[in-house]
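Visitor: Structure below; questions to follow.
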Amino acid sequence: MTGSHDVVHACPMHPRIRQRGPGACPICGMALDPEADSATDPPNPELADLTRRFRLSAALTVALVVIETATRLGGFPLVLAVWLELALAAPVVLWAGRRPLARGWRAFRQGRPNMFALIALGVVAAFSFSVIATTAPQILPEGMTDVYYETAAVITVLALFGEVLGLHSRERAGGAIRALLRLAPRTAHRLSDYGGEQEVPLSRILPGDRLRVRRGEAVPVDGTVLDGRGGVDESMLTGKSIPVLKQPGDAVTGGTVNGPGAWVMRAERVGPDTVLAGIARMVVEAQQGRVPIQRAVDIVSAWFLAAAAAVALAALVAWSVRVSPAHGLAVAMTVLIVACPGALGLVTPMAIMVAIGRGARAGVLVRSAEALERLEKVDTLVVAKTGTLTEGRPKVVAIQADDQTLRLAAALERGGVHPLAEAVLAAVTQRALPACEAHDVHWLPGRGVVGAVEGRRVAVGNEK
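Numbering-wise, our numbering puts 392 at position 389 of the sequence shown, and it's gapless, one number per residue.
Below you can see the structure in the form of structure tokens.
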């Protein structure tokens, strides 16, 4: 079994940042995502840990806000309240908020301010000033000993909520990608030069190998039909559930599903070169891409942080000269607390991740993050292909003959894997019609099926 620390993780914002196991990007501080290079579901201990920290810190923060509100309304002793608030806020900031604080410190140390630097600045300013006001109020000016524990806790909880929501979205999008990769079978039937057939793992298939695709099996890799004919369900690519007739010389795609016929193909693109792997890679790259609005937010965050620090420093100097250093420190800390725009850095990447994740779960694949942003300006959508905006599951909605005709058709379709066959069988089940047996059944790929039912010769298919 592959553990989470054996899976390669990459930064959603900076794909060149890659490492084994979960962690944080040294540039932007975002959580590293597991790469979608396998069809397995890697465990995500990071999500479980973040969720646990968020739930506990949210409960403590709610209690903190209640105590602060009761104190301001005069229903709680002030001296007891500040110490109780310190006890509640300390685990939220120092334990649950350790991740955003560490990422903010890393951003400061590398000289690359980001959203976590803004969050860390506000949390540290609010919490440290409150600790001073609680433990050593005599060094602060009179009337400036208010505590901001609830501010530090709420900012921390919002930061954790943003990370949990982002990880949930990426986890669901990753699940959709892995489900897409699972469309390809795990093994293939490889033919030898001497006419033998062997079932081998898909990882051992090489370009040029001859493979047999049996009835109802998924096509293992991309290639070309060499011998035989059959209908292939390509709805995973086109959205159309009606099978496409494949005969010698036609291209087939890994992950599509073969119908009643059996044929031989030549493998041409395997592993990461298949269309299926390319689609999964495209979704991952869209998640890891940066849209113009994110770059704008990063620039605004950096300038805002510099401006807030400059104003706080100016206030420190001015009030220290005019009144006292303690008064200047209190004013500077207040500026930093008020100036923390944590939502500015959280909303944009969160919205991008949620949008791409929801699209992947709905079967909508986004080619790039920039394309997603440009879609916001679209007011008209023109669809060129008919039948693509459907559920992909045909069903019988009307019958122009009696139920006996439906029974005869269902008898022939009972052994089929064609989507229309499934629709006919579902209609028979819904009407509770008695079943009958078919004999001498022959499937005609691209046309239909013929056979004998209750002494009659019956054909079900198209005009051909």
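C-beta: ideal position from N, C-alpha, C; glycine also.
Since Gln22 is in the beta strand (DSSP E), which residue starts that stretch and which ends it?
Guide: Start and end: 21-23.
Visitor: Taking the alpha carbon of Phe119 as the reference point, which residue from Cys28, Glu220, Asn261 has its own alpha carbon closest?
Guide: Of the candidates Cys28, Glu220, Asn261, the one whose C-alpha sits nearest the C-alpha of Phe119 is Cys28.
Visitor: Note the first and the last residue of the continuous beta strand (DSSP E) segment covering Asp196.
Guide: From DSSP, Asp196 is part of no beta strand (DSSP E); its letter is neither H nor E.
Visitor: Please tell me whether Arg213 and Arg269 are closer than 8 Å, where the distance is taken between their beta carbons.
Guide: For Arg213 and Arg269, yes; Cβs fall inside 8 Å.
Visitor: Would you call Ser206 buried or exposed, if buried means 16 or more other Cβ atoms sit within 10 Å of its Cβ?
Guide: Under this definition Ser206 is an exposed residue.
Visitor: Assuming Thr227 and Glu271 make a contact with CB atoms under 8 Å, what is their CB distance in whole Å?
Guide: Right, their Cβ atoms sit about 6 Å apart.
Visitor: What would DSSP say about Gly252, mapped onto helix, strand or coil?
Guide: In the structure shown, Gly252 sits in coil (DSSP, three-state: anything other than H, G, I, E or B).
Visitor: Restricting to Cα atoms, I'd like to know which of Gln403, Arg434, Gly264 is closest to Val222.
Guide: Of the listed residues, the one whose Cα sits closest to Val222 is Gly264.
Visitor: In whole angstroms, what separates the C-alpha of Ala414 from that of Val216?
Guide: So the two alpha carbons sit approximately 25 Å from each other.
Visitor: How long is the line joining the alpha carbons of Thr64 and Ala156, rounded to whole angstroms?
Guide: Distance between the alpha carbons of Thr64 and Ala156: 6 Å.
Visitor: Among Arg101, Ala73, Ala66, which has the Cα closest to the Cα of Ala90?
Guide: Among Arg101, Ala73, Ala66, the Cα nearest to that of Ala90 is on Ala66.
Visitor: Using three-state DSSP, classify Arg55 as helix, strand or coil.
Guide: Here Arg55 sits in helix by DSSP.
Visitor: If you run the structure through DSSP and keep just helix, strand and coil, what is Gly77?
Guide: It is coil, neither helix nor strand.
Visitor: What are the partner residues of Glu202, as DSSP defines its beta bridges?
Guide: BP columns for Glu202 point to His192.
Visitor: So, using beta-carbon positions, are Val96 and Thr148 closer together than 8 Å?
Guide: In this structure, Thr148 does not lie closer than 8 Å to Val96 by Cβ.
Visitor: Examine the Cβ distances between the stretch 456-464 and the stretch 431-438 and report whether three or more of them are shorter than 8 Å.
Guide: Result no; under three Cβ-Cβ pairs closer than 8 Å.
Visitor: Which residue comes first and which comes last in the beta strand (DSSP E) that contains Asp230?
Guide: Per DSSP, Asp230 belongs to the beta strand (DSSP E) from 225-231.
Visitor: Can you tell me whether Met147 is helix, strand or coil according to DSSP?
Guide: Of the three classes helix, strand and coil, the one that applies to Met147 here is coil, per DSSP.
Visitor: Can you tell which of Arg189, Ala309, Ile340 has the C-alpha that lies nearest to the C-alpha of Gly274?
Guide: When each option's Cα is compared against that of Gly274, the closest is Arg189.
Visitor: May I ask you to report which of helix, strand or coil DSSP gives Ser41?
Guide: Confidence at Ser41 is low in this model, with a pLDDT of 47, below 50, so its placement is unreliable and no value can be given for it.
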